[in-house]
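Protein sequence lines correspond, in order, to chains G and B. For the first sequence, UniProt numbering begins at 1 and goes up steadily by one. For the second sequence, UniProt numbering begins at 1 and goes up steadily by one. For glycine and all other residues, C-beta sits at the position ideal for the given N, C-alpha and C. Here the structure is a predicted model, which is why all the values come from computation and not from measurement. Everything on this sheet refers to the single structure shown next.
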Amino acid sequence: MSTTAPSQTAPSQTTVSQTAPALASSPPASSAVSQANYGKISADGLWHNNPALVQLLGLCPLLAVTGTVVNSLGLAAATLLVLLGSSLSVSIIRNHVASSVRLPAFVMIIASFVTCAELLMQAFTYELYQILGIFIPLIVTNCAILGRADAFASKNPPLPALVDALMVGLGFAAVLVLLGAFREILGQGTLFSGMELLFGPAAAQWQITFFSDFQVLILLLPPGAFFGMGLIIALKNLIDQQLKQRAKPQPVATEKASRRVRLTPSA
Amino acid sequence: MPLLKLSSPHAHSQTSTRWIMQQVLLACLPGILLLSWHFGPGILINLLLTCSSALLAEALVCRLRRRSLAQLQDYSALVTGVLLGVCLPATAPWWIPVIGGLFALLCGKHLFGGLGQNPFNPAMAAYAFLLISFPVQMSIWPLPQAVEGTHWLHTLPGTDALTGATALDAWRNKGLLMADEFWQSDRLQPAMLQATTSVALAWLLGGLYLIARRIIQWQLPLTFLLTLLVFGALVWGLDTSHHIPPWLHLAAGSAVFAAFFILTDPVSGATSLKGKMVFALGAGILVISIRTWGSYPDGVAFSVLLMNFAAPAIDYYTRPRVYGHDKAHSGMKSGGQHK
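This is how it looks when you write it as structure tokens:
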């Protein structure tokens, strides 16, 4: 799964193995990251390295339960909670765990937080917990969470790790909710139906009905999630393309000096 | 290669996309005529709607991609529209063929790059989309006009049409009835079976025309139909009182139509002759399996789509021998040297 993640995870794992013996004595990376650029962390988590759109991680729950906005919100909240807890814990213990056992340790931490999230949902949003079913325990296998723990939290102090977890979690949540809204509107013609499952009885009136007596079953079934996901990824690429084109005029002037043609595609 | 001097005489071939598509449309005619004779003008309205929405979608994509609208003249969108239109029930509401035509062209064809790039048969992709999305509207067929009082010119006052189960639908819902009890009951109108059989014969006629014109190879439909008969007979033999008899596999539903018009799609199917036969064999086995054990009464569209998935792998293992080599380099051992 990590092969699909560009740039971030692969190089970071090599640095971990190289610096592993030094980890116990002095954390080598911490001084550099102590002036961590929170703006860059946020932009990466929300957009450039979005777990759902760019890394394509955690697709299983993403595709399975985003039939409505409320399902998406429930899963997004649970994932965000687990991500925050695990990143913080991993960051705190990062200097005390040998590199050879770090992955089992991380998974144990994540599993504990998933159990917490599961019990919380059971306690406060029981119906939603039943709807989401197996996909709440399955958060433990969400590669986006283990990816952040290993690629970022295990090398950074608690505060940047927490910010990173928050931004990645919000990026994931945004895609979940967008996909949920897309499928809910086109699949059953409503928006925000069943919000009372998450926000209490007052939220029952939030439902907006666009088309009554309307159902496109395929969009509520998993194939619809693939359609929606593909369209959202295409939209992101389109926006990126537009941004790149808009940013272009400046570098063109500097590149005029050299007549070399770039043959390899820019990464 | 450009240096190679070619001298006359040249053999001229008139096989352009446009010509092939015209021939396919021509071959569809007998089937369409019989379908609309039996099931009323709804079929023709469906065809009109699927074709116009397909052409509209194609024009829209040509505009978006800043290509010339001349692409519309290759008839390929029209063929997709026709192949989808003849699959839809005659009583379908107007938006079913419109959504189908748009989906076939936009999602089935142009999202993947347009003519020649689509991994799935666009008509079957759209049919599967419609069947999954709107199961109720997609499974109501009108009774053929031979049934008393259902002719579309003089239906019973106060009704639009009488509907009935297709043969496979009736069989799927026969419950615990034994086969002979099923045939004695009135669950399946004999006229429905006669209608679908005669339509199947009309598709056969069109298919034979395509074979005579060398647009499709006879091995593919033959493999498919034989698989239906042989594998169908084997499965039927397991439980003759509950499984569909093999002749019904051919007489009912879309098997003959698919054999000649859908499986023979040159883009989404396998390439070599051997590959095409494997493709047809797999599709036949899947059709029988879905009809016997699946939850949908007919499985031709799903089988074709699943085999479209498998077509690249089939091609990989059935590469023909390259001229000058002793053996074909196919499968894992080839190491990709003939890419």
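query = Using a C-beta to C-beta distance shorter than 9 angstroms, which residues of chain G count as neighbours of P135/B?
reply = L217
- Item | Reduced DSSP category for P222/G - H, G, I as helix; E, B as strand; rest coil | helix
- [ ] Kindly say whether L235/G, judged by its beta-carbon, lies nearer than 8 angstroms to any beta-carbon of chain B.
- [x] no
Problem set entry | Run of the alpha helix (DSSP H) containing H110/B, from where it starts to where it stops | Unbroken run through H110/B: none, as it is neither H nor E.
**OP:** Give the single residue among G67/G, R94/G, A203/G and L166/G whose Cα lies nearest to the Cα of A46/G.
**Re:** The amino acid occupying residue 46/G in the given sequence is Leu; Ala does not appear at that position. If we check each option's Cα against that of L46/G, L166/G comes out closest.
Going along chain B, which residues have a C-beta under 8 angstroms from L176/G? Ordered by position in chain B, no residue passes the 8 angstroms Cβ test against L176/G, which lies about 23 angstroms from the chain.
*asked:* Suppose the cutoff is 8 angstroms on Cβ atoms and the five residues either side in sequence are ignored; what does the same chain contact list for V33/G look like?
replied: The predicted model places V33/G with a pLDDT of 48, which falls under 50 and marks its position as unreliable; any figure quoted below should be read in that light. Answer for V33/G: K155, N156, P157 and P160, listed in chain order.
So with CB distances below 7 angstroms, who are the chain G contacts of F129/B? I218
Should T190/G be flagged as near chain B, meaning a C-beta pair shorter than 8 angstroms?
no
With a 10 Å radius around its C-beta and 16 neighbouring C-beta atoms as the bar for buried, classify I20/B as buried or exposed. buried
- Message: For L208/B and P320/B, what's the separation of their Cα atoms in angstroms?
- Response: 26 angstroms
Starting from T115/G and walking both ways along the alpha helix (DSSP H), at which residues does that stretch end? R102 to F124
Cβ-based burial, D326/B [other Cβ within 10 Å; buried from 16]: exposed
- prompt: Quick one, are the C-beta atoms of A313/B and S268/B less than 8 angstroms apart?
  reply: no
Distance, L219/G Cα to L143/G Cα = The displayed chain sequence assigns Cys, not Leu, to residue 143/G. About 25 angstroms.
Inset, instruction - Could you tell me which of L84/B, P266/B, V278/B and L205/B sits nearest to T223/B, measuring between CA atoms? - result: V278/B
Discussion item. Between L53/G and chain B, is the shortest Cβ-Cβ distance under 8 angstroms, so that the two count as touching?
Written reply: no
Per-residue DSSP class, three states only, for L191/G:
strand
Quiz prompt | 8 angstroms Cβ cutoff, L221/G in contact with chain B | solution = yes
Quick check: what's the CA-CA separation for T3/G versus W218/B? With a pLDDT of 42 at T3/G, under the threshold of 50, the modelled position of that residue is not reliable, and no figure is offered here.
Distance between A252/B and H48/G (C-alpha atoms, nearest Å): 54 angstroms
**Item:** E184/G vs T79/G beta-carbon contact at 8 angstroms
**Value:** no
* For V97/G, which residues from the same chain have a beta carbon less than 7 angstroms from its beta carbon, with the 5 sequence-adjacent residues on both sides left out? -> A105
Problem - Host alpha helix (DSSP H) of S143/G (start-end) - result: It is Cys, not Ser, that sits at residue 143/G in the sequence shown. C143 to A151 is the extent of the alpha helix (DSSP H) around C143/G.
Assess contact between the stretch 190–209 of chain G and the stretch 113–126 of chain B, defined as three or more Cβ pairs (one per stretch) separated by less than 8 angstroms. Is contact present?
no
Assuming A125/B and G81/B form a contact by the criterion Cβ under 8 angstroms, report the distance between their Cβ atoms to the nearest whole angstrom.
Going by Cβ atoms, the distance from A125/B to G81/B rounds to 13 angstroms, so no, they are not a contact pair.
Starting from the Cα of G294/B, find the closest Cα among P266/B, L25/B, R172/B and L306/B and give me that residue. R172/B
- DSSP state of P51/G, grouped into three classes? coil
Problem set entry | Cutoff 8 angstroms: I132/B Cβ touching any chain D Cβ | Of the protein chains in the structure, G and B, none is chain D.
Exercise for the section: Please say whether H249/B and D291/B have beta carbons closer to each other than 8 angstroms? Expected result: Before going further, note that residue 291/B is Arg rather than Asp in the sequence given. For R291/B and H249/B, yes; Cβs fall inside 8 angstroms.
Terminal residues of the alpha helix (DSSP H) in which W203/B lies: P190 to A212
- prompt: With distances taken between CB atoms, is the gap from S87/G to A153/G smaller than 8 angstroms?
  reply: yes
Problem set entry | Neighbourhood of T17/B by C-beta distance below 8 angstroms, restricted to the same chain and skipping five residues each side | D74, Y75, S76 and L115
For P144/B versus M178/B, is the C-beta distance shorter than 8 angstroms?
no
query = How many Å lie between F112/B and V235/B at the Cα?
reply = 37 angstroms
In angstroms with no decimal places, state the Cα-to-Cα distance between L235/G and A195/B. 48 angstroms
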